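*Asks:* Before anything else, here's the structure in question.
Number of protein chains: 2
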Amino acid sequence: MAITIIDVAKKAGVSPSTVSRVLSNHPRISPATAAKVREVLKELGYHPNIMAKSLVSKTTNTIGLILPKPAEELFLNLFFSEVIRGIVTQAARTGYDLMMTTGTTEREELEAVTRLVKGRRVDGVILLYSRQSDPLISFMLEHGFPFVLIGRSDEFPDILSVDNDNVQAAYDATRHLIAQGHKRIGFVSGPPNLIVSGDRMKGYLQALKDAGIEARPEWIVEGDFLQESGYRAMSFFMCLPERPTALVTIDDVVAFGVLRGLTELGYKVPDDLSLVGFNNISLSELSTPPISSMDIGIYQIGYTASQTLIRAVKGEAMPQKRVIIPHRLIVRESSLIQAKD
Amino acid sequence: MAITIIDVAKKAGVSPSTVSRVLSNHPRISPATAAKVREVLKELGYHPNIMAKSLVSKTTNTIGLILPKPAEELFLNLFFSEVIRGIVTQAARTGYDLMMTTGTTEREELEAVTRLVKGRRVDGVILLYSRQSDPLISFMLEHGFPFVLIGRSDEFPDILSVDNDNVQAAYDATRHLIAQGHKRIGFVSGPPNLIVSGDRMKGYLQALKDAGIEARPEWIVEGDFLQESGYRAMSFFMCLPERPTALVTIDDVVAFGVLRGLTELGYKVPDDLSLVGFNNISLSELSTPPISSMDIGIYQIGYTASQTLIRAVKGEAMPQKRVIIPHRLIVRESSLIQAKD
DNA sequence: TGAGTTTGTGCAAACGTTTGAACAAAAATA
DNA sequence: TATTTTTGTTCAAACGTTTGCACAAACTCA
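From first to last, the protein sequence lines stand for chains A and B. Each residue of the first sequence is one higher than the one before, starting from 1 at the first, in the working numbering. Each residue of the second sequence is one higher than the one before, starting from 1001 at the first, in the working numbering.
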């Protein structure tokens, strides 16, 4: 039913190849035929069949995005919307489409990726968030398939990646609390298999050290990116004989959990406990009080990742393998106080 | 470089067609050849080239999602993450992939859609949110392309759609406030070109009417889905000589804006103003106080839309053209009070 | 045993493009 | 004017599948 290049060729009285050449602005086409063909093209409302095109050109004008396995849960976090928003905006701007897959189990995940990569369905993929040892990275490298990692891989440091400096960011967040006079600062971390957890913890510890403050292991608790883990952390901290006066959390959602718990128990933020979160998702400015947050430029990360990947698949020169998006601390009420000692 | 059906055929000593038939479980293949071919298939690590497959079969195993034009902004709203989460989860479960496009301008948007639809890139599309008169719907119908609308079209009532009963939902939300003793209830609406705005307004008005309460035009203000519009609405209401004692808002984010403004000015929620929002996005339970919200099952809407579309493109029988996802009011602190008159 | 049927396989066309090679016509050069 | 070069076009193969048709071999059933 659809109009093909052949229909156009017939009607214009030329060969299909000529039509194809007009379409791709081949230099050796006479202005007259070009005009004629273009007219028929428009008249018939021709649109190329991308499958056929891809089959011969071996390129799809599509990039793939692989959502991490437990996407169901993590999606609740605005992090993902933000990063996707960045990716899809940039891709659309460059004329690329975005393909998303996910899998509920690790097997399903690999299956989906295989379908994408080995089925030549996309020109390259963006890997979202990196685990300590990510099988997907090995998979991509093994198949020589273009990809960009959002995050970092210690195992393969030489791959294309877009990231922020999480160590420095956590350092800065902690410094801010120290600058506010805090000496008793706790940390709510993320799952230990995520690189980001380790990095932020490192920055936190370094900041303490540089300020001559001894770190206390009991003031570091492990959570995930969900609210509940913040709530749990809060309960834990507030029951300690010696409490921290301030907290850095791996994510704003976690800070929320903390805040909510504190409010329920009648504590005041920042007076009883100061808070600095991470990621500056839109929630953090909406809470009461608004939560200070380390803005890591999530949208920008997505945007840049998409840009980097598209450049890579086009074979353009890459100025650098690893791009670091700058962070900046957004200070809000939750950490604005000179703490007494 | 990639392994094709021909490579497999050669190595197995059969013809390409036989391999193809083994792959599709054709009944007339001897168990012996099937076994042999399968072995080679595995040995060589064959994966079908989807482009070639699609070219001949004219089906892509992919559904498209068209994000509304100003996606950049609207994406801030968790509505989108939720609905996408539903779609992608269901699609992945059925072995379908999801393709996303968007456009910054109306022209770009149509271009992107055309690329998807006329380029035979997807088997069907999901249209997100419906404007009063949506050119995309006409476009789809014109081309006879399978699609599912999330929302409703008055112009074309007979298309596949997944929606919730916004009139009834707003009715119920308003009823709830009335049941709490409120008689002076305002409404913050959305952009008038969105169907959802009109529907919710209608339900709100009907509830007032049924309770014998006269609607006041000055208590209905128009906003968008952003926080600022809530803030503005709040300023407006609080300056009136006669203020409402409760508000229904088109979205939780808007309710947030209201709440934030009130808190800044020293007003108390629900005492000075009760609030009921819409969409029950995760923020609403995180605020102080938590905001009552009409949960319209966004995830479920996405999930069902995907399911409906995939059924449609597979040519399965559709029990019904229009699916309504049930809503339910989540009552939280922001509306829990017996208002004095 | 011979006709008819079933079973298993291969051939070749088709899907809608792109693109190198061939070639005729026109233009440039000698 | 003869030769070379340039220009504009077409031919045909290729991309990796699927599938209708043909056909041989193996069965069935009088």
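All residues carry an ideal CB built from backbone N, CA and C; glycine is no exception. Since we're looking at a predicted model, the values are computed, not measured.
Using a Cβ-Cβ cut-off of 8 Å (strictly less than) and excluding sequence neighbours within five positions of residue 1243/B, which residues of its own chain qualify?
*Replies:* In the second sequence, the residue the question calls residue 1243/B occupies position 243. Closer than 8 Å at the Cβ level, and outside the excluded window around residue 1243/B, lie 1184, 1237 and 1273.
*Asks:* Does DSSP put residue 1304/B in a helix, in a strand, or in coil?
*Replies:* Indexing the second sequence from 1 puts residue 1304/B at position 304. It is helical.
*Asks:* Can you tell me whether residue 176/A is buried or exposed? The criterion is at least 16 other CB atoms within 10 Å of its CB, across all chains shown.
*Replies:* Working through the first sequence from its first residue, we reach residue 176/A at position 176. Answer is buried; the Cβ neighbour count reaches 16.
*Asks:* Spell out whether any CB of chain B is found under 8 Å from the CB atom of residue 72/A.
*Replies:* The count along the first sequence starts at 1 and reaches residue 72/A at position 72. With a pLDDT of only 46 at residue 72/A, under 50, the local geometry of the prediction cannot be trusted, and no value is derived from it.
*Asks:* Kindly indicate the opening and closing residues of the alpha helix (DSSP H) around residue 64/A.
*Replies:* Residue numbering aside, residue 64/A sits at position 64 when the first sequence is read from its first letter. Where residue 64/A is concerned, there is no enclosing alpha helix (DSSP H), although the beta strand (DSSP E) it sits in stretches over 62-66.
*Asks:* Starting from the Cα of residue 1064/B, find the closest Cα among 1145/B, 1251/B and 1227/B and give me that residue.
*Replies:* Working through the second sequence from its first residue, we reach residue 1064/B at position 64. With distances taken between CA atoms, residue 1064/B lies nearest to 1145/B out of 1145/B, 1251/B and 1227/B.
*Asks:* Using a Cβ-Cβ cut-off of less than 8 Å, give me the residues of the segment 89-106 of chain A that come near chain B, in sequence order.
*Replies:* 89, 92, 93, 97, 98, 99, 100, 101, 102, 103 and 104
*Asks:* Taking residue 323/A as the reference, give the member of 151/A, 40/A and 143/A with the closest Cα.
*Replies:* Here residue 323/A refers to the residue found at position 323 when the first sequence is read from its first residue. When each option's Cα is compared against that of residue 323/A, the closest is 151/A.
*Asks:* With DSSP collapsed to three states, give me the class of residue 207/A.
*Replies:* If you number the first sequence from 1, residue 207/A lands on position 207. Reduced to three states, the DSSP call for residue 207/A is helix.
*Asks:* Rounded to the nearest angstrom, what separates residue 297/A and residue 158/A at their Cα positions?
*Replies:* Numbered from its first residue, the first sequence carries residue 297/A at position 297. Numbered from its first residue, the first sequence carries residue 158/A at position 158. Taking the straight line joining both Cα atoms gives about 23 Å.
*Asks:* How would you write the range of the beta strand (DSSP E) that residue 276/A sits in, first residue to last?
*Replies:* Along the first sequence, one-based indexing puts residue 276/A at 276. From DSSP, the beta strand (DSSP E) with residue 276/A extends over 274-278.
*Asks:* I'd like to know whether the C-beta atoms of residue 167/A and residue 233/A end up nearer to each other than 8 Å.
*Replies:* Reading the first sequence from its first residue, position 167 is the one you call residue 167/A. Reading the first sequence from its first residue, position 233 is the one you call residue 233/A. Not a contact, by the Cβ cut-off of 8 Å.
*Asks:* Taking residue 135/A as the query, report the chain B residues whose CB atoms sit under 7 Å from its CB, ordered along the chain.
*Replies:* For the purposes of this step, residue 135/A is identified with residue 135 of the first sequence, where counting begins at 1. None at all; the shortest Cβ gap to chain B is about 16 Å.
*Asks:* Using a beta-carbon distance cut-off of less than 8 Å, what residues from the segment 1261-1293 of chain B approach chain A?
*Replies:* 1263, 1282, 1283, 1286, 1287 and 1288
*Asks:* Counting pairs of Cβ atoms below 8 Å between the segment 109-128 of chain A and the segment 328-339 of chain A, do you hit three or more?
*Replies:* Touching, no, given that fewer than three Cβ pairs across the two stretches are closer than 8 Å.
*Asks:* Which one of 257/A, 285/A, 289/A and 171/A has the shortest CA to CA distance from residue 268/A?
*Replies:* As a working note, residue 268/A is residue 268 in the first sequence. Ranking the options by Cα distance to residue 268/A, first place goes to 289/A.
*Asks:* Taking Cβ positions, are residue 1311/B and residue 1318/B nearer each other than 8 Å?
*Replies:* Here the question's residue 1311/B lines up with position 311 in the second sequence. Here the question's residue 1318/B lines up with position 318 in the second sequence. Yes; because the gap between Cβ atoms is below 8 Å, this pair is in contact.
*Asks:* With a CB to CB cut of under 6 Å and the five nearest residues on each side skipped, what residues in its chain are close to residue 1090/B?
*Replies:* Looking up residue 1090/B in the second sequence gives position 90. These residues qualify, in order along the chain: 1303, 1306 and 1307.
*Asks:* Please list the partners that residue 127/A has in chain B, where partner means a Cβ-to-Cβ separation under 9 Å.
*Replies:* In the first sequence, residue 127/A corresponds to position 127, counting from 1. Those within 9 Å of residue 127/A in chain B number zero; the least Cβ separation is about 16 Å.
*Asks:* The alpha helix (DSSP H) with residue 234/A in it runs from where to where?
*Replies:* The residue given as residue 234/A occupies position 234 in the first sequence. Element bounds for residue 234/A: 227-239.
*Asks:* Listing by chain order, which chain A residues have their CB less than 8 Å from the CB of residue 1048/B?
*Replies:* Locating residue 1048/B in the second sequence gives position 48, where the first residue counts as 1. Per Cβ cutoff of 8 Å: 119.
*Asks:* Do you know offhand how far residue 1114/B's Cα is from residue 1096/B's?
*Replies:* Here the question's residue 1114/B lines up with position 114 in the second sequence. Here the question's residue 1096/B lines up with position 96 in the second sequence. Straight-line measurement puts the Cα of residue 1096/B at about 20 Å from the Cα of residue 1114/B.
*Asks:* Considering residue 292/A, what are the terminal residues of the beta strand (DSSP E) in which it resides?
*Replies:* Here the question's residue 292/A lines up with position 292 in the first sequence. Boundaries of the beta strand (DSSP E) around residue 292/A: 292-295.
*Asks:* Measure the alpha-carbon distance for residue 75/A versus residue 1078/B and round it to whole angstroms.
*Replies:* For the purposes of this step, residue 75/A is identified with residue 75 of the first sequence, where counting begins at 1. For the purposes of this step, residue 1078/B is identified with residue 78 of the second sequence, where counting begins at 1. Low confidence applies here, because residue 75/A scores a pLDDT of 46, under 50, leaving its location unreliable; read the following figure in that light. Taking the straight line from one Cα to the other gives about 10 Å.
*Asks:* Kindly say whether residue 237/A, judged by its beta-carbon, lies nearer than 8 Å to any beta-carbon of chain B.
*Replies:* Here residue 237/A is taken as the residue at index 237 of the first sequence, counted from 1. Residue 237/A does not count as touching chain B.
*Asks:* Would you mind giving the Cβ-Cβ distance between residue 171/A and residue 203/A, rounded to the nearest angstrom? I have them listed as a contact below 8 Å.
*Replies:* Residue numbering aside, residue 171/A sits at position 171 when the first sequence is read from its first letter. Residue numbering aside, residue 203/A sits at position 203 when the first sequence is read from its first letter. Indeed, because the Cβ distance is near 4 Å, the residues count as touching under 8 Å.
*Asks:* Would you give the residue range spanned by the alpha helix (DSSP H) that residue 51/A belongs to?
*Replies:* One-based indexing of the first sequence puts residue 51/A at position 51. Note, residue 51/A: alpha helix (DSSP H), 50-57.
*Asks:* For residue 109/A, is the classification buried or exposed, using 16 other Cβ atoms within 10 angstroms of its Cβ as the cut-off for buried?
*Replies:* Translated into positions along the first sequence, residue 109/A becomes position 109. Around the C-beta of residue 109/A, 16 or more other C-beta atoms lie within 10 Å, and the residue is accordingly described as buried.
*Asks:* Based on the DSSP secondary-structure assignment, which residues constitute the bridge partners of residue 164/A?
*Replies:* Position 164 of the first sequence holds residue 164/A. DSSP lists 325/A as the bridge partner or partners of residue 164/A.
*Asks:* Is residue 101/A closer than 8 Å to residue 66/A when the C-beta atoms are compared?
*Replies:* For the purposes of this step, residue 66/A is taken as residue 66 along the first sequence, with counting starting at 1. For the purposes of this step, residue 101/A is taken as residue 101 along the first sequence, with counting starting at 1. The Cβ atoms of residue 66/A and residue 101/A sit closer than 8 Å to each other.
*Asks:* Just curious, the alpha helix (DSSP H) that residue 1088/B is in, first and last residue?
*Replies:* Taking the second sequence and counting its residues from 1, one reaches residue 1088/B at position 88. Run containing residue 1088/B: 1078-1093, per the alpha helix (DSSP H) assignment.
*Asks:* Out of curiosity, what's the CA-to-CA distance linking residue 1036/B and residue 1004/B?
*Replies:* Against the second sequence, residue 1036/B aligns to sequence position 36. Against the second sequence, residue 1004/B aligns to sequence position 4. Each residue's Cα considered, the two are about 16 Å apart.
*Asks:* Going by CA-CA distance only, name the one from 1260/B, 1218/B and 1213/B that's closest to residue 1226/B.
*Replies:* Indexing the second sequence from 1 puts residue 1226/B at position 226. When only C-alpha atoms are compared, the closest one is 1260/B.
*Asks:* If you draw a straight line from the C-alpha of residue 1221/B to the C-alpha of residue 1200/B, how long is it?
*Replies:* Here the question's residue 1221/B lines up with position 221 in the second sequence. Here the question's residue 1200/B lines up with position 200 in the second sequence. If I take the Cα positions, the gap works out to 13 Å.
*Asks:* Return helix, strand or coil for residue 1222/B, following the three-state DSSP convention.
*Replies:* Taking the first residue of the second sequence as position 1, residue 1222/B is located at position 222. The answer is strand: DSSP assigns residue 1222/B an E or B state.
*Asks:* What residues in the segment 51-66 of chain A have a beta carbon less than 7 Å from any beta carbon of chain B?
*Replies:* 51, 52, 54 and 55
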